[in-house]
Structures are given as structure tokens and as C-alpha cells.
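According to the UniProt record's numbering, the sequence shown is numbered sequentially starting from 37.
Built from N, CA and C at the ideal position, the CB exists for glycine as well.
One structure is given here, and the rest of the page talks about it.
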Amino acid sequence: KIVLGIETSCDDTAAAVVDETGNVLGEAIHSQTEVHLKTGGIVPAVAQQLHRDNIQRIVQEALSASRISPSDLSAIATTIKPGLALSLGVGLSFSLQLVGQLKKPFIPIHHMEAHALTIRLTNKVEFPFLVLLISGGHCLLALVQGVSDFLLLGKSLDIAPGDMLDKVARRLSLIKHPECSTMSGGKAIEHLAKQGNRFHFDIKPPLHHAKNCDFSFTGLQQVINKRIMKKEKEEGIEEGQVLSSAADIAATVQHTMACHIVKRTHRAILFCKQRDLLPQNNAVLVASGGVASNFYVRRALEILTNATQCTLLCPPPRLCTDNGIMIAWNGIERLRAGLGILHDIEGIRYEPKCPLGVDISKEVGEAA
Ligand code: ATP
Ligand code: FE
Numbered sequence: 037k038i039v040l041g042i043e044t045s046c047d048d049t050a051a052a053v054v055d056e057t058g059n060v061l062g063e064a065i066h067s068q069t070e071v072h073l074k075t076g077g078i079v080p081a082v083a084q085q086l087h088r089d090n091i092q093r094i095v096q097e098a099l100s101a102s103r104i105s106p107s108d109l110s111a112i113a114t115t116i117k118p119g120l121a122l123s124l125g126v127g128l129s130f131s132l133q134l135v136g137q138l139k140k141p142f143i144p145i146h147h148m149e150a151h152a153l154t155i156r157l158t159n160k161v162e163f164p165f166l167v168l169l170i171s172g173g174h175c176l177l178a179l180v181q182g183v184s185d186f187l188l189l190g191k192s193l194d195i196a197p198g199d200m201l202d203k204v205a206r207r208l209s210l211i212k213h214p215e216c217s218t219m220s221g222g223k224a225i226e227h228l229a230k231q232g233n234r235f236h237f238d239i240k241p242p243l244h245h246a247k248n249c250d251f252s253f254t255g256l257q258q259v260i261n262k263r264i265m266k267k268e269k270e271e272g273i274e275e276g277q278v279l280s281s282a283a284d285i286a287a288t289v290q291h292t293m294a295c296h297i298v299k300r301t302h303r304a305i306l307f308c309k310q311r312d313l314l315p316q317n318n319a320v321l322v323a324s325g326g327v328a329s330n331f332y333v334r335r336a337l338e339i340l341t342n343a344t345q346c347t348l349l350c351p352p353p354r355l356c357t358d359n360g361i362m363i364a365w366n367g368i369e370r371l372r373a374g375l376g377i378l379h380d381i382e383g384i385r386y387e388p389k390c391p392l393g394v395d396i397s398k399e400v401g402e403a404a
């Protein structure tokens, strides 16, 4: 079995060809990060245009690199939910056209399911396992019981951690910092944090007393903003210039965010073990999404998993951020499980919003 995967849910146009054993036969990606950095955030219409400009070339590149003939494909898998409507639309209409041309089955993909299953391409991981997905648009903890069988244990009540980091990086004008002018907000914060003091000031992690697995990052962002304003006054500089204490602020926000993520994940591990939803020993925690490529967060999670007899697994950084490989692999997983393969594509629509699995987050809070 060989699947072509296509991803356009946000700001990356990506495609890949993956076989049943997880071999990546070909891949290509076009990132829009630099363009969106300049406008201080994603402008959906701009993202849509860039997807349109690049999708044909990216899919062609992935197919050519794979050295297979398109007729050898078993199916075409494409992200149809959740994501930016205008972005999802480009990938879906392109894919449906291709499906029509090649007369192949279509596999609609849930972007977060794909992030969650990526680990099964790189490691031998059996169900069930716990997954923590932390990116620019998402933040959730879920128990993965099967290819399409998820229990949602907790999610962000407001913004996602990557979004928070991007906002803080923008407020710090890190785009003007010579060392990180081309990095995403999260990457810039990680880079600068290495030179800073994480205990520069003391901030309590969000939702300190909440006995559930939910997350919140808006409050943290606001506290950091206040600190930045205070520092600007102290250093006598205007908003828009880079603070000399930017590294300390980066280290502090990264540390506080990591503490919060670890605490919520700890609750999820305890809940699952209490309910016998995960094995008592050697349970697997998978961390993925753009923020999981952060090594400080990974290290903090490693300390947690060591203390709870769990194993932490993270896909390599380039598979943590959006890519076509995870979509193609999700297609393979679905083919093998006989799930969601469409031969009749009439009436298929993209869905900008779509929760992952059965939401039991309230139950988690009540069980505490
Ligand atoms: P979605 O949420 O739909 O998956 P996304 O574009 O946010 O979309 P990703 O590519 O997985 O998906 O993640 C990008 C986010 O990850 C950005 O917010 C970025 O700042 C953050 N990020 C990237 N690298 C790092 C890093 N090293 N440390 C912390 N955050 C990072
Ligand atoms: Fe993503």
C-alpha cells in the first residue's frame, strides 16, 4: 500500500508519499512562516493564495521524489479538518481534482489525529497511549485507544501554547533580534531562553488549583506583557525595540509554560492509571506538535515520565510541526484499519472546527 498525503490546514503546503511500512518515498514542503512573520500573524487570504501558488509544485515534487507512478498509489489522504477554512479549501479542492483524474479512493484526515499517530511511523507503539499535542493552534491531552478512537482528557480553555509564544515573541520584537529574525516565535523564545535566567521573576503556572487536565495560556501572556512594559520603562526604551532582558523573559515564559504543561500531563497520567486506561508500568506518553519540538519542554516531560514509570516518545522535530508525511501515514493507518476510505467523494466538505474524539474532560476534573 502506498498513500499520497496532502496538508494545507494552516500555513504549510506539504505533501508526501509513504508506504505501508512507514518508508517515506518522497516529500516536499513549502513553509509560509517568513511571510506571516512580516505581517505579525497569519492573514487567511494570504495563506490561501500561497497554498494555491505552491500546491501543484509541492505535490509534484513529492510524487517525483518517490519515483512511483501515480497509478501505483493506493489512495490520496488529505487534511480536511480542523484548520483555517481558506487553507483547508485549497488542499481539499486540489485533492478532489487529483482523485478524479487518477480514480483513486480518498481518505479525509483529521489534522490532530495525524499528529497523534505520527509516532507509530517512527516507533513501535501499540494502543493505548497518552498523547499531548501542543502547537500554535492546538493544545490537548488525549488517550489514543485506536486509529480513530480517542478520549479527550483536557484542552486549552483559551489559546494554544505556540500562539502564546508567538504573541510574546512579537511583543518582544524578536524579529528584530539578529539571532532570531527568521525563526518562528516559539523557536526564537527557545533560542533566547538558553542565554537567560528562567527565575528572573516568579510566576505561578496557570490553573494552579484546577483539578483537571485543562490548559490556559492567556493569563500567562498577560502577566508577561505587564513585565515587558515594566522592563521597557526601566530600560528606557520604546515598544518595538528589543529589551536587553529579552533572554530572561524568554527563559521565564518558557519555564512557566513547561511547568504548566507538565502539571496537566501529570494529572492525565494519574487519571488514566487510576481508571486502568493505561498500563501501570511502561505506559507511553507521546508529545507532538510544534511546541513539542522545544527541548526544554521535552526535558521537563522526561522528568515527569521517569517519575511516573512512563516512557516519553516524541517524533523528531520536523515531524512534530506540520508536514505531509503524517497525513500520508494517517492514510496508511486508516487503510489498514479499513476506516474512512471514500470512493464516493460527493458532498465532502472541510470543517474548520472539529474536536478530536469523545470529550471526557469534565469527568477527569470530577474524579480528582
Ligand atoms: P496546528 O496547531 O493546526 O497544528 P500550527 O501551524 O501551529 O498548526 P505546528 O507547525 O505544529 O502547527 O506548530 C507551530 C507552532 O509551534 C508555532 O506557534 C511555533 O511558535 C511553535 N514552535 C515551533 N518551534 C518551537 C520551539 N522550538 N519551541 C516552542 N515552540 C515552537
Ligand atoms: Fe499541526
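Going by the C-beta, is residue i closer than 6 Å to any heavy atom of the ligand ATP?
i, result
"Asp194", "no"
"Cys46", "yes"
"Thr357", "yes"
"Ser107", "no"
"Leu201", "yes"
"Asn318", "no"
"His174", "yes"
"Val327", "yes"
"Gly198", "yes"
"Asn90", "no"
"Lys223", "yes"
"Glu387", "no"
"Glu215", "no"
"Glu97", "no"
"Glu226", "yes"
"Asn159", "no"
"Asn330", "yes"
Since residue i sits in a beta bridge, which residues does DSSP pair it with?
i, result
"Ser67", "Asp48"
"Gly190", "Leu177"
"Lys117", "His146"
"Phe251", "Ser192"
"Ile112", "Leu40 and Phe142"
"Glu275", "Gln277"
"Thr347", "Val320"
"Phe235", "Per DSSP, none; premise fails for Phe235."
"Gly62", "Val53"
"Asp185", "Gly182"
For the alpha helix (DSSP H) containing residue i, list its first residue and its last residue.
i, result
"Leu179", "Counting along the chain, Leu179 falls outside any alpha helix (DSSP H), though it belongs to the beta strand (DSSP E) covering Cys175 to Gly182."
"Cys295", "Ala282 to Gln310"
"Ile155", "Ile155 to Thr158"
"Val95", "Pro80 to Ser102"
"Leu166", "Element bounds for Leu166: not the alpha helix (DSSP H) but the beta strand (DSSP E), Phe165 to Ile170."
"Glu399", "Ser397 to Ala403"
"Lys203", "Pro197 to Arg207"
"Leu355", "Pro353 to Cys356"
"Glu226", "Gly221 to Ala229"
The ligand FE and residue i: does any heavy atom of the ligand fall closer than 6 Å to the residue's C-beta?
i, result
"Ser67", "no"
"Ser184", "no"
"Ser131", "no"
"Ser220", "no"
"Ser171", "yes"
At what residues does the beta strand (DSSP E) containing residue i begin and finish?
i, result
"Glu43", "Ile38 to Glu43"
Would you say residue i lies against chain D (beta-carbon separation less than 7 Å)?
i, result
"Thr114", "Protein chain content of the structure displayed is limited to a single chain, and chain D is not contained in it."
Alpha helix (DSSP H) runs contained entirely in the segment 360 to 400, provided each spans 4 or more residues: Runs found: 361 to 373.
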